[in-house]
Every structure is written in C-alpha cells, then in structure tokens.
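Numbering (the numbering used here), first residue to last: 106 to 442. All residues carry an ideal CB built from backbone N, CA and C; glycine is no exception. Right, one structure below, let's go through it.
Now the structure itself:
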C-alpha cells in the first residue's frame, strides 16, 4: 500500500505543501471545461498525459498531499486508510486512458505512481513511463532486463529482492541480481523512461495532468525544462473528481464504454492478474519516430520565429497547451510471470 511504500523512503523534509483544502468548480463550469478539454483532445496531434496519486484514490489507495493523504496525516501523527496494492483495481480513469490510446488520441503516458494500475488496466508498456517505479517490477543490475510480477516485490527503493536474472544474453545465463524499481527521494529518474518523457514533452501539442499537484520537482521542472508554476501556466484547470471529469470527456468523444471504478477483474473475481499476457501489453499502433517529430516541431518553431507564414491547428497555437485535473522498455527485454 502507499503507506508501506512511504514508510520505506529516507527521511526528507521538503515534501511540498500538504493538507491543502479540496476545491471544486461549479457544475456548469465543469461541463464547459470538459467540453473544451474534449475539443482539444480531438484537435491535438500528439497528446501527453501525466498522472499522479489522485487518479488512484477511488481505488482505495491513499494519496500523499490531500486532506487524508499519507504525508498530511503523518504531520498529525496519524496513519491513513489505504488498501494494499495487490487488492487495488484500476479506476475509470485508468481504463479511460487505455481507451484513448487504443483510439489513437493518446501518444504517451507519464505516471508518477508506483501502484502498477496502468499496466493492470491493459495500458501498453511501450507507451508508458513509470518514472517513480512500479511495486510489481524488478530489474537486473547487469543486463537491465525487467520482470513484471503479479504480486508486489518484497523491497523498495532500488534494493536487492533476493531474485536473480533468468535471461540469457549472448546465449549465456546472466544470473545478475534483481532489485526493485521504486525510487527513493534522491534517486535519479530511470532511463530510457526519463529521456523519452522529456522528448514527448517537447513534441506534444497538448499535455493533460491528472490527479497531481505538480509539486514533484524532477518530473515537472526536468521534463518541461522550465519552472512550472502550476495553474499560472496552464490553459485550463478543472477542480473536480478525476473520474467524473474523464466520464464527461469520454462521453463527448463518443468513447464512454470503459469499465467503471473497481471493475478491473473482468468479472471473474480474481484480484490479481491471471495471465501475464494480459498484464503487460504492447500498443497495436506503430510507435512514432521521436527524433523525426522533434525535428519537425523545431522547424515549425524556427519558421514561426522568422516570420514566415505558417498554418497551425488550434492546439499548436498554444505549443504547450496544458490542462490540469487536481516506459519505454523494449518488450524484447521484459519477462513476465
């Protein structure tokens, strides 16, 4: 659970603002903003989504800085209520993001969560960066092969799990020690996930942040290459429950046929994933060439700065349009069990 993960982190004073009151927009404003968000999604050529702990609270996993968050209650000497990671099921928002990717709307997803719910919803691994790790994953220190389990590994913060790599690079057994993939405060963000995320932030013409306070410095400042002052630099801020917003947006896109909250087990009663091929999936759409996309965007910006005529779609008129709602490992290098 989120509580156990936070307990294993090193002592750290700068945890950002905690215990901030929840703010909710008026219903008519939510409807209007959701309509605008749906329009931008339809117009965008390359959509980047960044998710935080707020998208998993409806699954029963406590967030960190909310009124009942882990670090909010920690300051009060209390422990939050939270279910274990293995019992948590993907929420409506998790399934909605999967559907957006399937229909070609969502190019890349950057998650700050370690709960593994994006993968359990069926979101493709090769369009996902889990920048803070995944409690269900471990990695070989020698060949970097990743293993995705159906139960959480027994360590946190890049420590040895006691398991060894079963890979055979160059035809020989690797036998490298495996470590978990969850980060501590001072750890560097993982590669190639970080570089891929940063590149997508430059390429994307629309960025949507879901369930995150945008206070984690490496993710915000490093990916966007600049100080990101939350709402001051967003084009649209929606204060509402994330699942509620995503339902309204999906309906406007004609895609409101995803599972409801807590319906992540396909109706068979299993809490954890039964088959590894269902656990980690690969996108059916061919991956874009990021180098080519970045060159094209650089050329467009150069032409625009030189005063040449340039026809732009609505999202590109705001090169980094952002809407806020308060992994790139090759499958050939991944083993599932």
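Secondary structure, beta strand (DSSP E): runs of 3+ residues fully inside the region 227 to 304: Inside the region 227 to 304, DSSP marks whole beta strand (DSSP E) runs of 3 or more residues at positions 233 to 235, 242 to 245, 251 to 253, 265 to 269, 282 to 285, from first to last along the chain.
Quick one: what's residue 216 bridged to in DSSP? According to the DSSP secondary-structure assignment, residue 216 is paired through a beta bridge with 156, 235.
With 16 other Cβ atoms within 10 Å as the buried cut-off, status of residue 356: Exposed, since its Cβ has fewer than 16 Cβ neighbours within 10 Å.
Indicate whether the contact test is met: 3 or more Cβ pairs, each with one atom in the region 235 to 242 and one in the region 286 to 301, closer than 8 Å. Per the Cβ contact rule, the region 235 to 242 is in contact with the region 286 to 301 (3 or more Cβ pairs under 8 Å).
Please name the residue, chosen from 127, 132, 279, that lies closest to residue 350 on a Cα-to-Cα basis. Measuring from the Cα of residue 350, the nearest candidate turns out to be 132.
Residue 143 and residue 354 look like a contact to me (Cβ under 8 Å); what is the Cβ gap, rounded to whole Å? About 5 Å; that satisfies the 8 Å criterion.
Alpha carbon to alpha carbon, what distance is there between residue 390 and residue 207? Taking the straight line from one Cα to the other gives about 8 Å.
Short Cβ contact (9 Å threshold) for residue 402 with residue 308: It is a contact, given that the beta carbons lie within the stated cut-off.
Specify the secondary structure class of residue 399 as computed by DSSP and reduced to three states. Helix.
Range covered by the alpha helix (DSSP H) that runs through residue 202: Run containing residue 202: 197 to 207, per the alpha helix (DSSP H) assignment.
Taking a contact to mean a Cβ-Cβ separation below 9 Å, would you say residue 316 touches residue 149 in this structure? No.
Anyone know if the C-beta pair for residue 318 and residue 125 falls short of 9 Å? Cβ distance < 9 Å, so residue 318 and residue 125 count as in contact.
Quick check: the Cα distance between residue 271 and residue 277, rounded to an integer number of angstroms? Computed Cα separation, rounded: 10 Å.
What three-state label does DSSP hand residue 224 in the structure shown? DSSP places residue 224 in helix when its eight states are reduced to three.
Beta-carbon proximity list for residue 241, same chain, < 8 Å, skipping 5 on both sides: So the list reads 190, 221, 224, 253, 254, 255, 256, 257, 258, once near-sequence residues are dropped.
Quick check on the burial criterion: 16 or more other C-beta atoms within 10 angstroms. Buried or exposed for residue 134? By the neighbour-count rule (16 or more Cβ atoms within 10 Å), residue 134 is not buried but exposed.
Cβ neighbour criterion (16 or more within 10 Å) applied to residue 218: Answer is buried; the Cβ neighbour count reaches 16.
Cut-off 6 Å between Cβ atoms - residues of its own chain near residue 358, not counting five sequence neighbours on either side: 143, listed in sequence order.
With a CB to CB cut of under 8 Å and the five nearest residues on each side skipped, what residues in its chain are close to residue 136? The beta carbon of residue 136 is closer than 8 Å to those of 353 in its chain, skipping five residues each way along the sequence.
Are the CB atoms of residue 396 and residue 231 nearer to each other than 9 Å? Against a cut-off of 9 Å, the Cβ pair of residue 231 and residue 396 comes out as no contact.
Hey, how far is the Cα of residue 204 from the Cα of residue 360? Each residue's Cα considered, the two are about 7 Å apart.
Is the beta carbon of residue 243 sitting closer than 9 Å to the one on residue 266? Between residue 243 and residue 266, the C-beta spacing is below 9 Å.
Measure the C-alpha to C-alpha separation of residue 344 and residue 138 and round it to an integer number of angstroms. So the alpha carbons of these two residues sit roughly 10 Å apart.
Would you decide whether residue 106 is buried or exposed? Buried here means 16 or more other CB atoms lie within 10 Å of its CB. Any reading at residue 106 needs caution, since the residue's pLDDT is 44, under 50, leaving its predicted position unreliable; the model's value is listed next. Its Cβ being crowded by 16 or more others within 10 Å, residue 106 is buried.
Neighbour-count burial assignment, residue 161, 16 or more Cβ in a 10 Å radius: Residue environment analysis places residue 161 among the buried positions, since at least 16 neighbouring C-beta atoms fall within 10 angstroms of its C-beta.
Residue from 341, 400, 339, 314 with nearest C-alpha to residue 156: Here the closest residue by C-alpha is 314.
By alpha-carbon positions, which one of 281, 404, 210 ends up nearest to residue 147? For the residues 281, 404, 210, the minimum Cα distance to residue 147 belongs to 210.
Using a threshold of 9 Å, state whether the C-beta atoms of residue 165 and residue 193 are closer than that. Yes.
To the nearest angstrom, how far is it from the Cα of residue 404 to the Cα of residue 128? Straight across, the Cα-Cα distance linking residue 404 with residue 128 is about 41 Å.
Measuring straight from C-alpha to C-alpha, what distance separates residue 151 and residue 306? Distance from the CA of residue 151 to the CA of residue 306, rounded to the nearest whole angstrom, comes to 10 Å.
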